[in-house]
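Sequence order for the protein chains is A and B. Sequential numbering from 1212 applies to the first sequence in our numbering. Sequential numbering from 1212 applies to the second sequence in our numbering. Since the structure comes first, as C-alpha cells, the remarks are kept for the end.
2 protein chains.
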Amino acid sequence: MSTIELTPAQMSDRTGVTIDTLRYYERTGLLRNIARAESGHRRYSQDDVLWVEVLRCLRDTGMSIEQLRRYCDLGALGEQTGAERKQMLEDHRELVESQMADLRRALELIDHKLSFYPARPANAAATKDREKT
Amino acid sequence: MSTIELTPAQMSDRTGVTIDTLRYYERTGLLRNIARAESGHRRYSQDDVLWVEVLRCLRDTGMSIEQLRRYCDLGALGEQTGAERKQMLEDHRELVESQMADLRRALELIDHKLSFYPARPANAAATKDREKT
DNA sequence: AAACAACCTGGAGCGCACTCCAGGTCAAGG
DNA sequence: CCTTGACCTGGAGTGCGCTCCAGGTTGTTT
C-alpha cells in the first residue's frame, strides 16, 4: 500500500482547512506525529486527512478546541481511557441533538415569517406583515 | 390590555439573556425604542420579550449580529424593504438546513465511533478501537 | 436618614479560534 | 547561479460576541 503523502498546500486543498489552521491544530495537540520530509517540510498521510475530517466534523458541531485536545490526549494515553472518551462522545451527542432541536425551532420560525411575504414580488400593500410573531 | 412592563432584571430572567447583553443589543440596534421609566430605567414590554426570543433563535442558529442589525434596519425602513428581508430569511433558511446536514453527519460519525465502545464498562481488552474511521 | 440593591452611561477588556507577519530555509525552473 | 515560490518557526494581531468596570443616580427597605 503506497502511503501517498501530501504537502501542506495539498492537504489544505483536500480538507478545506487552511495551512495556518493545520499548523495551529498541530501546535495545540489536535494533530500529532505529522511526518516530515528531510527538508523539514510536513508530509500529511491519508490517515491525517481522515483525522482532520473528524476534527472538523466535531468542531463544526460545537466541540471546543479545548475538548478536542482533551480527546486527543486521551487517545494518546491508550486503551484505559476508553470510558472517558466514550463519555465525551455521548456528551457531544447530546449537544448535537439539542442543536438539532434549536435548528428545527428556527426553521419553524423562519417559515412562519416567510409565510407573511408574497410568493412573488407582488404589490407590497397586500402584505400585512405582522412582526415579532 | 395591560401592558405589563419588565425591569431589566425581570427581562433577563424571562429571556435568559443577560442585562449586559440586552444593553449591547440595544446599542447595536437589535433592540429599539425600549421604554423608560421617569427615572431613566428601562421598561421592557411583552413585544420586546418576543422580539428577543426571535433574535436569540436566529443568533443561536448562526446569524451574525451584523446581519441581524441589517434585518432590523430594514424593518425600521418599512414595507418597501420586504423583498430584501424575505431574501435574508431565505438565505438563513439555507444556512440552517446545511447546518442540519452537518449535524446529521456528526451524529452518524459519533454513533459509528460509539459502536466501538462496549455497552457497559466491561473488560477493556475486548474492544479493538479503530481510530480515525 | 442610612444603607443597600438595582439601574444608568461610556468605554475598556476578554476568550475563542483562528490568521497574519517577520525573517529565514529549501527546491525546482530558466 | 539566480529567481521564485512553497515552506519553516515563534510570536503578535484580529474579529466576534459578549462581559466587565468605574463612577454616578434612583428606589426600596429598615
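The beta carbon of each residue, even a glycine, is placed where N, CA and C say it ideally should be. If you're wondering where the values come from, they're calculated on a predicted model, not measured in any experiment.
Neighbourhood of residue i by C-beta, 8 Å cutoff - its chain only, sequence neighbours within 5 removed
i: ASP1340(B); result: In this predicted model, ASP1340(B) has a pLDDT of only 46, less than 50, meaning its place in the structure is not dependable; the value taken from the coordinates is given anyway. Here the set comprises PHE1327 and TYR1328.
i: TRP1262(A); result: LEU1242
i: VAL1260(A); result: LEU1217, MET1222, ARG1225 and THR1226
i: HIS1307(A); result: His is not the amino acid found at residue 1307(A); the sequence shown has Val there. Once the five neighbours on either side are set aside, the close Cβ partners of VAL1307(A) are THR1272 and GLY1273.
i: GLU1264(A); result: THR1226
i: GLY1240(B); result: ARG1280, CYS1283 and ASP1284
i: ALA1267(A); result: This sequence places Arg at residue 1267(A); Ala is not what is there. If we look at ARG1267(A) and ignore the five residues flanking it on each side, its Cβ neighbours are THR1226, GLY1227 and VAL1228.
i: THR1338(A); result: Because THR1338(A) sits at a pLDDT of 46, beneath the cut-off of 50, its placement in the model cannot be relied upon, and the point is left open.
i: THR1214(B); result: SER1256 and GLN1257
i: LEU1325(B); result: none
i: ARG1270(A); result: ILE1276 and LEU1279
i: GLU1290(A); result: none
Other residues of its chain near residue i: CB distance less than 6 Å, five sequence neighbours each side excluded
i: LEU1242(B); result: TYR1236
i: THR1292(B); result: LEU1285
i: ILE1230(A); result: PRO1219 and SER1223
Neighbour-count burial assignment, residue i, 16 or more Cβ in a 10 Å radius
i: HIS1303(B); result: buried
i: ILE1321(A); result: buried
i: LEU1233(B); result: buried
i: LEU1288(B); result: exposed
i: ARG1310(A); result: The sequence shown places Gln at residue 1310(A), not Arg. GLN1310(A) comes out buried.
i: ALA1330(B); result: exposed
i: ALA1333(B); result: Unreliable placement is indicated for ALA1333(B), whose pLDDT of 49 sits below 50; the coordinate value is still reported in the next sentence. Answer is exposed; the Cβ neighbour count stays below 16.
i: ALA1312(A); result: exposed
i: ALA1246(B); result: exposed
Residue i CB to nearest heavy atom of the ligand SAH below 8 Å
i: GLY1289(B); result: Absence of the ligand SAH from the depicted structure is noted, as is the absence of any ligand whatsoever, leaving it without description.
Same chain, Cβ closer than 7 Å to residue i, five either side skipped, listed in chain order
i: ALA1248(B); result: ARG1254
i: TYR1318(B); result: One point to set straight first is that residue 1318(B) is Leu, not Tyr, in the sequence displayed. Excluding sequence neighbours, LEU1318(B) sits near nothing in its chain.
At a CB distance below 8 Å, what residues from the segment 1270-1302 of chain A approach chain B? Give them in sequence order.
So the close ones are ASP1271, THR1272, GLY1286, GLU1290, GLN1291, GLY1293, ALA1294, ARG1296, LYS1297, LEU1300 and GLU1301.
Is the segment 1265-1284 of chain A close to the segment 1296-1312 of chain A, with three or more CB pairs under 8 Å?
yes
Check whether the segment 1215-1228 of chain A touches the segment 1253-1271 of chain A, counting contact only when three or more Cβ pairs, one atom from each stretch, lie closer than 8 Å.
With the cut-off at 8 Å, the segment 1215-1228 of chain A and the segment 1253-1271 of chain A touch.
Restricting to runs no shorter than 4 residues, where is the alpha helix (DSSP H) found entirely within the segment 1267-1304 of chain A?
1276-1288
According to a CB-to-CB cut-off of less than 7 Å, which residues of the segment 1214-1238 of chain A neighbour chain B?
none
Cβ-based contacts, 7 Å cut-off: residues of the segment 1244-1262 of chain B near chain A:
ASP1258, LEU1261 and TRP1262
Using a Cβ-Cβ cut-off of less than 7 Å, list which residues of the segment 1305-1322 of chain B approach chain A; keep chain order.
VAL1307, GLN1310, MET1311, ASP1313, LEU1314, ARG1316, ALA1317, LEU1318, LEU1320 and ILE1321
Report the start-end ranges of each alpha helix (DSSP H) in the segment 1225-1270 of chain A that is 4 residues or longer and not cut off at the edges.
1230-1238
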